Each structure stands twice: as structure tokens, then as C-alpha cells.
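Here the structure comes first, spelled out in C-alpha cells, and everything after it is commentary.
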Amino acid sequence: MESHYSLPARLAEQVLPDVASLLEELRELSAKFRPVGGWKTDESSLREAADVFARTASSRFGASLSLDDEDPTHLDAFLNTYLIMPELRPLFRGADVIEGLREAEYETYAQFLGDSEIPGEESLYYFLGAYWGEWLVRHREARWTLFPPLRPMQAFPDMITTVATVCLHPFSMVLRKLADPVGDNLAYKAQVFGRDYLPPYPLTATPDDSTKAMLSLLPEQAQDALHQIKAGHLLQGVKLLERTADEHPASLQTLTLLQQAAWQAEEWETAHGAMTALLRQRPHARTFYNLGAFYAQFELLEEAIESMRQAILVDPNFGRAKLTLAELLIEAGEERLASEVMEHFMKEGFDSALREEAEALMRRLG
Numbered sequence: 012m013e014s015h016y017s018l019p020a021r022l023a024e025q026v027l028p029d030v031a032s033l034l035e036e037l038r039e040l041s042a043k044f045r046p047v048g049g050w051k052t053d054e055s056s057l058r059e060a061a062d063v064f065a066r067t068a069s070s071r072f073g074a075s076l077s078l079d080d081e082d083p084t085h086l087d088a089f090l091n092t093y094l095i096m097p098e099l100r101p102l103f104r105g106a107d108v109i110e111g112l113r114e115a116e117y118e119t120y121a122q123f124l125g126d127s128e129i130p131g132e133e134s135l136y137y138f139l140g141a142y143w144g145e146w147l148v149r150h151r152e153a154r155w156t157l158f159p160p161l162r163p164m165q166a167f168p169d170m171i172t173t174v175a176t177v178c179l180h181p182f183s184m185v186l187r188k189l190a191d192p193v194g195d196n197l198a199y200k201a202q203v204f205g206r207d208y209l210p211p212y213p214l215t216a217t218p219d220d221s222t223k224a225m226l227s228l229l230p231e232q233a234q235d236a237l238h239q240i241k242a243g244h245l246l247q248g249v250k251l252l253e254r255t256a257d258e259h260p261a262s263l264q265t266l267t268l269l270q271q272a273a274w275q276a277e278e279w280e281t282a283h284g285a286m287t288a289l290l291r292q293r294p295h296a297r298t299f300y301n302l303g304a305f306y307a308q309f310e311l312l313e314e315a316i317e318s319m320r321q322a323i324l325v326d327p328n329f330g331r332a333k334l335t336l337a338e339l340l341i342e343a344g345e346e347r348l349a350s351e352v353m354e355h356f357m358k359e360g361f362d363s364a365l366r367e368e369a370e371a372l373m374r375r376l377g
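Per my numbering, the very first residue in the sequence shown carries number 12; after that it's consecutive.
Below is the structure:
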């Protein structure tokens, strides 16, 4: 764990005067948020810290920075313009890398990226991480679930999966963005986790807190059910999750846990009910995919094919669903439709592993 506090860039010995003024102001404002016990981690303090960063940064640079801005690229654009290494700023136009650079220019910027520096003021990362985390709360259904101590200068993975969802590390995200503004894009990160996981998404201080954070968002009965399952009492856990889902029908994570546990216990009617209940509340590509896999297991090909189609409609970039759809169409004797699916698939930019599977499937189709 300690290795994740080893930063991915050197600390800058000097920064531009406007950045230095911002860091000095944040350092002075940080006293309220950093009592003797360490940085504050309660929700109200984090919201206030987010507002402080928006006000201070907007005033200092004359920029528009607002938590009400629904576009996640606004923070990338702000950081690219004002806070990344000065030598790298010409590489960007707003949130995006400019196009059409000559090879020699790319080589120059690559050298600067390889020798990246970031400001060394810890309060910057507390306020900036609070801002980004609060934006995720307001616009991406995340939840603050920080447990002290918090060390804002950190380089954990951006997110870590738990039993029912994915935990996000907003303080690591913003530091990594400053260290590698080309490779780390906050707007991209703001959209990827919603493809595979259902909300709410816990915001955590360290990966070690992920299980505790996830549990804190569950009804108490669902927590008891997980303890039952962990103790080897799978069926008792399933029954308790069923009761919890009936009492807390809006808890998507409880329904996710119920689906997983019921599948493991081969309680197929319960697993099916959990998936359909999830889809009534939240049409989600991964749940449609799981439902399709459920139907395929029982050779209900028509239902399985329709579920895969729905998964792709919800997420047109869901490559695994497209491959599975093609396989189901072949099994149903619809080779022509399967070929059409695969022809479209091969024109898209999926990763090499999926493409290898696709090529093998194309060979089967002749």
C-alpha cells in the first residue's frame, strides 16, 4: 500500500507565479480542513472544500469553474490550461490534445511528459480531489465514503471493484491527471465505470476501504446476508437478500448481490427475478447481458438474443455482447444475421483479445 503514495512525477521546485499564488491561498485556507487529527473526511467538509476550490481557482485565474457544470471535460480543460507543467500546456486546446503536430513537436512533448513535474502542495490535492469527487457525487451518482486517515497525495488505481459495485479514488485521479495530462483524462474516467456497474459508487480514501465503503451503502439486512454467505450459509444469505430487496426495492446493490448469490446457489427463479427487477429500475447493458446469458443457459435462444440486442442498444460499444449475440444467432441457425453482426464488429476498434475471438468466429462462419 505504501508504494501507492510514491508519486508518478517529481515535485516541482518552482511553479509559475499565478500557480504559486493559488497554492499559497489554498494552504492558508486549509487550516480549517486539517485539524490535529488529519484532513477532514466528512461529507459536509468535503462539499465545502469543493466549493472553496471552485471559488478560489475561478477568482485566481479568471476562469469559470462550477460544480453545476454537467460537462466532465470542464475540469480537464481547466487543469490543462492553468495547472499542468507550463511546457505541456501548448499541447492542448481545452480538454483535448491538439491535432496536426509535426513529429519533432511530438518528440519534444514526449520528452517533457517523461520528465513530468507536479506542484508539491498537499492542500492542492485535498481541495482538487474534493472538487472532483463532489462533481462525481452530483453528476455520476457517486457517494462520499471516506474513512480517515486521508493522504491526498496518492497514486492508487483510479477504481477498484467490490462484490456489488466499483469504488473510485478521486484524489488519485486528479494527481494522476496532473502527472500525465495526455494519458489521464478525467472526462473519460467519468463515463467508464457506469458501463459495467450500478450506482451508488463509493468514493474512498484507499483501496483498503473498498469493502467497508460498499457495506456502508447497503441496508443492514444485506450486510447480515453477506456475513451469512461468507460463513458458508449460501441459501440463508439468499433468503435474507430476498427479504431485504422486498423491503428496500430501490437498493440496486442489494438486487445485484441477490442476483449473484442466487446464481451461485442455482436458485434460478430468484436470480431471474433479481435481474428483471434491476432492469425495471435501470436499463443497464451489463444486466441485459447477464439476463441473456441466463436464457442461453436454458436454451431459450429467442429470449437470449433479444436480451443481447437490448444490451447493445443501451451500450453500442459493448463488444462482448456483440460477440455473444453472433454466437447465439449461429446457434439459432441465423448465420446470415450473425455474419452481419461480425462484419460491423470488425470495423470497430475493440481490443486485440476480442478481435482474436471475432476472427475465430468469422472462420466458423466461412
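We put the CB at the ideal spot given by N, CA and C, even for glycine.
If you're wondering where the values come from, they're calculated on a predicted model, not measured in any experiment.
query	result
Extent of the continuous alpha helix (DSSP H) to which residue 281 belongs	279-292
Extent of the continuous beta strand (DSSP E) run through residue 172	170-172
Delimiting residues of the beta strand (DSSP E) encompassing residue 179	177-179
Three-way DSSP call (helix, strand, coil) for residue 97 in this model	helix
For residue 180 and residue 170, the rounded distance between their alpha carbons	6 Å
Proximity winner among 300, 347 and 360, relative to residue 391 (alpha-carbon distances)	Because the chain in this structure spans residues 12 to 377, residue 391 falls outside the shown range and cannot be described.
8 Å contact criterion, which residue 229 and residue 264 should meet: CB distance rounded	6 Å
Three-state secondary structure (DSSP) of residue 26	coil
Under 9 Å between C-beta atoms of residue 267 and residue 211	no
Sequence-distant residues of its chain with Cβ nearer than 7 Å to residue 152 (five each side left out)	210, 211 and 212
Anticipated Cβ contact below 8 Å, residue 65 with residue 137, distance rounded	With a Cβ gap of about 14 Å, residue 65 and residue 137 do not count as contacting.
Supposed contact pair residue 94 and residue 186 - C-beta distance, whole angstroms, cut 8 Å	That belief does not hold up - the Cβ atoms of residue 186 and residue 94 are roughly 11 Å apart, past 8 Å.
Spatially closest choice to residue 47 from 270, 159 and 80, by CA coordinates	159
Nearest to residue 192 (by Cα), restricted to the options 311, 84 and 368	84
Simplified DSSP state of residue 7, which is helix, strand or coil	The question about residue 7 has no answer here: the residues shown for the chain are numbered 12 through 377.
Where residue 220 falls, given that 16 or more other Cβ within 10 Å makes a residue buried	buried
Nearest-angstrom beta carbon gap, residue 166 and residue 75 [assumed within contact, 8 Å]	That pair is no contact at about 29 Å.
Rounded distance between the beta-carbons of residue 227 and residue 156, thought under 8 Å	5 Å
Integer Cβ distance of residue 239 from residue 247, believed to fall under 8 Å	5 Å
C-beta contact flag for residue 117 and residue 99 at 9 Å	no
For residue 103: DSSP bridge partner residues	108
N- and C-terminal bounds of the beta strand (DSSP E) containing residue 214	212-214
Limits of the alpha helix (DSSP H) - the one that residue 50 falls within	Per DSSP, residue 50 belongs to no alpha helix (DSSP H) and is neither H nor E.
contact_flag[the region 127-135, the region 37-44] where n(CB pairs < 8 Å) is 3 or more	yes
Burial state of residue 261, where buried means 16 or more other Cβ atoms lie within 10 Å	exposed
Three-way DSSP call (helix, strand, coil) for residue 20 in this model	coil
Beta-carbon proximity check, residue 88 vs residue 103, cutoff 9 Å	yes
Close Cβ partners of residue 306 (< 7 Å) along its chain, the five nearest in sequence each way excluded	314, 315 and 318
Rounded Cβ spacing between residue 337 and residue 352 (contact assumed at less than 8 Å)	5 Å
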